[in-house]
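Beneath this line is the structure, given in structure tokens, with notes to follow.
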Amino acid sequence: MNTELPKSFRRLDYLPPHYTFGQVELDFALDPARTIVKSRIEVIPGASFKAGTPLVLQGQELEFVSLRINGEAHRHFELTPESLSIHSLPNEGKDPFVVEIICICAPEKNTTLMGLYVSNGNFFTQCEAEGFRKITYFLDRPDVMARYRVTLTAREAECPVLLSNGNLLAIEKLPNGWHSATWEDPFPKPSYLFALVAGKLECIEETISSGSGAKKLLQIWVEPHDLKKTRHAMDSLIASIHWDEKRFGLELDLERFMIVAVGDFNMGAMENKGLNIFNTKFVLAQPETATDADFANIESVVAHEYFHNWTGNRVTCQDWFQLSLKEGLTVFRDQEFSADQMGSESGRAVKRIEDVRLLRQLQFPEDAGPMAHPIRPDEYQEINNFYTVTVYEKGSEVVRMYQTLLGKEGFRKGMDLYFKRHDGQAVTCDDFLMAMADANACDLTQFKNWYSQAGTPRVKVEERYDAAAKQYHLTLIQSCAPSLGQAVKKSFHIPLKMRLLTTANDQPEKLLELIEEKQSWTFENISERPVLSINRDFSAPIHLDFKQSETDLLTQFSSDDDAFNRWEAGQKLAMQMILENRLPDAQFIGAYRNLLQDQTLDPAFKDLALTLPAETYLYEQCESVDPQQIYSARRAFRHAIASELNPEWMQLYRQMQTPGAFSPDAISAGKRALKNLSLSMLLEADIPEAALMAEAQYQNANNMTDRYAALGALVVHGAPQAKVCLDDFYQRFSDEALVIDKWFALQSTRPPIANVEATLNTVERLREHEAFKMNNPNRVRSVIHAFCMNNPSGFHQKDGSGYAFWADSVLALDPINPQVAARLARALDRWRVFAQPYQNQMRAALERVAACSSLSADVREVISKALGS
Ligand code: TRP
Ligand code: ZN
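Quick note on this note's numbering: the sequence shown kicks off at 174 and runs consecutively.
Listed below in structure tokens is the structure:
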């Protein structure tokens, strides 16, 4: 056992830097084995400077070569594996001085994908959060903002393209087949936004005019064979630029904006100034290889990274505890953008439902588990572990609540003031809140609790209708379960949109602000007992404790004018029945039938209304989780919907065809979603011809959405045609890495079915497959993470075999890529809520991982928090 106590960082320990940087010049001689990095940095006293303080630079896995100060060799320094401390500074550091450092790194050996690394022969960087220190010794913290000039030198034959942040100043031919490019970024930035890319890449480009009439060059760089898959990303980028001008008055501030795609990447994408680097998964799309979901994800990730240019880059974070300042706000912005792209009001609701489903499936469990943290955490061991659904998705919900409380215009005023005050600065979540408060002359003191308290608040609803007095009385009581280090919680400021639904349809929508622990409202002149529609559009990220009769839920499911709550009522009814191990009754089936036949509703909405709550969300409703029982109850419920509505599914399958050329627009995508749900329901109902229909769709599809859905239906239902189609799919797309990822994921997420080998055996076979690569995160996620996190019924086996596979995988992955290993490590977070024998088996697997003495800080933090040690 490792006896050293893990180092913890605390938000309240923040100190401004002793030194800061002016101009930074970087010079790279790019070589996969040994890249020489020379830096020349102007150092100036920082906000907490004291004369005589040494300059302590961070550096990791670097070979130190030399140090000069003001042009002279300097010998007063000390090297550790993590730092370079420089002593005896000229005039005790009181005057600006110049540091020059030469060091060497080894990009081709770098499997962590942080810092400078090689992917498929090309060079890429990833610096957020603390990767720059793997490139050179530096003040690698976001509150040190400097101006960069970067020169890249390489062999022209190997690296014809040389990119970095900002504007291209010069390209130079050098002797012996070398060349160089010099780039200058006019905006000061923290080191985490630095990027370089070099190699054999090609681009599509387009010139647009921004709002003020300035010309902007947009480029998307990819490997040459992928050029034909870049159109959708370019369209998404152009739409994002126009949207940010229109909605927030924010213009692109550079002459050139570049996106680069890379096949080896730890996350989705990265907002480096003027040079965004993306996982290929969020750039490349063609109808033949990408699904509707891929098209939609590309649009939102391109928008997300572009929007960071203002929310993240122009105004950045003081320290990493403030991460949600940029991430929550930018997720909110990309969600609003995507909703606006949907066109119709019901399209907006579809987007909202999808976002809330994700929040409940992933963030609610996180907020109730051992890694629970406020959106602005107070403590971390490894910052990489805090790029969480809490910081991102709950963070976005918190930003959305400002807009709900202040109105769209009030929110815009707050944003304007935020940029007016803080452009060019590194700031905190409090600064954002104060801009919102001051711009609207309101007091948001209590709203701060959303930043400091973990856990999903619970709001209990008590209602009473007084027919004689024609009064409706409503009482709301809020609470929040204790979390680690927070036994008692203060009340939250909770905005709840509500409306009383009456047959007269005479009550307006209202916004209730729940501020006290318990608050009551009386509504007058209510002539009949109303049905309460509350937390409309999911105005607050809470659990609602509201015992409603099934009749009221059915009323809401068939007629609530808030599309979100209409969907919600159906989910609630289905959830209650599944948890009580019941099947849908005739009334519920009737309501489903009416909804499916309603011509005024979007197909995408119908698809969501007929999609049952996820297993992991059902787990959160249980005292003691029996995963196999939940799987069976949910599956039986689904089987009943499939059988009872058989004629409707057959009819919808025919009606929802989208003949002609493929278009990824929301209406067509919605039709395909409903058609493919129908196909899967026909297989679920064991209709004899269903498997033949799926096989025909698989063979004849002109797009990946339909081909993949048909294949999925065959595989998930264990149809005899599954094997041949899976083999065909692999052959057909063997050159398409992202499609092969789908082929792997489909098999790893297949639930266990009779007469088909156990899913774990399948996954073990896939891990031995020639196309499996442990150092490619997308491939690892498509097999290992997919099985451990997206296949609950396959993973949670009584004999603990799934957990043993998990432990082996975490231990194998950790030495290669700790960041990706630590994500996988989180699969057992909720072990304490499981029934036996699952719980003990999970604990044993956790303890086996914990016993490894060489764990990374990343995995160590996740495992020790899970075990509560
Ligand atoms: N800032 C990135 C985003 O949200 C997140 C990110 C990309 C990241 N790559 C990373 C975070 C690597 C940590 C490590 O858009
Ligand atoms: Zn982001």
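Glycine residues also receive a C-beta, built at the ideal position from the N, C-alpha and C atoms.
From a predicted model like this one, the values you see are computed outputs, not experimental measurements.
- Message: What residue range does the beta strand (DSSP E) around S706 cover?
- Response: 704-707
- Message: Can you list, in chain order, the residues of its chain with a C-beta nearer than 7 Å to that of S569? Leave out the 5 residues immediately preceding and following it.
- Response: G501, V504, F505, Q508
- Query: Considering only C-alpha positions, which residue in the set A842, T355, N558, Q231 is nearest to C276?
  - Reply: Q231
- Spatially closest choice to S921 from P348, E527, F945, by CA coordinates: Among P348, E527, F945, the Cα nearest to that of S921 is on F945.
- Query: At a cut-off of 7 Å, is E570 close to the ligand ZN when judged by its beta-carbon and the heavy atoms of the ligand?
  - Reply: no
- What number of angstroms, rounded off, separates the C-alpha of I913 from the C-alpha of K683? 50 Å
- On the DSSP bridge assignment, give the partners of Y321 in chain order. Bridge partners of Y321: V197, D358.
- How would you write the range of the beta strand (DSSP E) that R241 sits in, first residue to last? It spans 236-242 - the beta strand (DSSP E) in which R241 sits, taken as one unbroken run.
- Query: Which residue's Cα is closest to the Cα of P630: L647, P218, Q651?
  - Reply: Q651
- Message: Less than 7 Å separating the Cβ of A599 from some heavy atom of the ligand TRP?
- Response: Taking 7 Å as the cut-off, one finds no heavy atom of the ligand TRP near enough to the beta carbon of A599.
- Quick one: give me the first and last residue of the alpha helix (DSSP H) that P965 is part of. 965-968
- Residues in its own chain within less than 6 Å of S974 by CB, not counting five upstream and five downstream? L933
- Query: Quick one: what's got a C-beta closer than 8 Å to A642's C-beta in the same chain, skipping five residues either side?
  - Reply: Closer than 8 Å at the Cβ level, and outside the excluded window around A642, lies no residue.
- Message: Measuring only from the beta carbon, is H477 closer than 7 Å to any heavy atom that is part of the ligand TRP?
- Response: yes
- When burial is assigned at 16 or more other CB atoms within 10 Å of the CB, is N445 buried or exposed? buried
- Message: Give me, in chain order, the residues of the same chain whose beta-carbon lies closer than 8 Å to that of Q554; leave out the 5 immediate sequence neighbours on both sides.
- Response: P179, K180, S181, F182, A1030, R1033, E1034
- Message: I'd like to confirm something about M443: is its beta-carbon nearer than 7 Å to some heavy atom of the ligand TRP, or not?
- Response: Distances from the CB of M443 to the heavy atoms of the ligand TRP include at least one below 7 Å.
- Task: Could you please give the first and the last residue of the uninterrupted alpha helix (DSSP H) stretch that includes N951?
- Result: 950-953
- Task: Please classify L825: does DSSP put it in a helix, a strand, or coil?
- Result: helix
- Tell me whether the beta-carbon of S664 lies closer than 8 Å to the beta-carbon of I688. Judged by their CB atoms, S664 and I688 are nearer to each other than the 8 Å cut-off.
- Task: To the nearest angstrom, report how far apart L1028 and I556 are at their CA atoms.
- Result: 16 Å
- Message: Below 7 Å, is the gap between the Cβ of H481 and the nearest heavy atom of the ligand ZN?
- Response: True, at least one ligand heavy atom lies under 7 Å from that Cβ.
- Compute the beta-carbon to beta-carbon distance between F778 and A736, rounded to the nearest angstrom, for a pair I have assumed lies under 8 Å. 7 Å
- Please work out which residues of its chain come closer than 7 Å, Cβ to Cβ, to C1025, disregarding the five sequence neighbours upstream and downstream, and give them in chain order. L984
- Query: Roughly how far, in whole angstroms, is the beta-carbon of N990 from the beta-carbon of N951, given that I think they are within contact range, below 8 Å?
  - Reply: By a beta-carbon distance limit of 8 Å, N990 does not contact N951. Their separation comes to about 12 Å.
- What are the start and end residues of each continuous beta strand (DSSP E) run of 3 or more residues lying completely inside the region 238-323, in chain order? For the region 238-323, whole beta strand (DSSP E) runs of length 3 or above, ordered along the chain, are 250-252, 256-259, 270-278, 288-292, 295-299.
- Message: My assumption, with CB atoms under 8 Å, is that L769 sits in contact with L825. Please give the rounded CB distance.
- Response: About 7 Å separates the two Cβ atoms, so the contact holds.
- Determine which residues share a DSSP beta bridge with S519 and list them. DSSP, once it has assigned bridges, lists no residue as partnering S519.
- Query: In chain order, which alpha helix (DSSP H) runs of at least 4 residues are fully inside the region 727-787?
  - Reply: The qualifying runs are 736-752, 759-770, 776-782.
- Given 8 Å, three or more beta-carbon pairs between the region 1011-1021 and the region 959-978: These segments touch.
- Query: Does DSSP put R429 in a helix, a strand or coil?
  - Reply: Of the three classes helix, strand and coil, the one that applies to R429 here is strand, per DSSP.
- Whose C-beta lies closer than 8 Å to the C-beta of D426 among residues of the same chain, with five residues either side of it excluded? F360, N482, R487
- Item | Separation of L783 from A610, as counted between CA atoms | 41 Å
- Message: Suppose you measure from the CA of A565 to the CA of W623; what does that come to, to the nearest Å?
- Response: The sequence given here has Tyr at residue 565, not Ala. Distance between the alpha carbons of Y565 and W623: 14 Å.
- So R923 and V889 are in contact, right, with Cβ under 8 Å, and what is the actual spacing, rounded? 6 Å
- Nearest-angstrom Cα separation, counted from M854 out to N873: 20 Å
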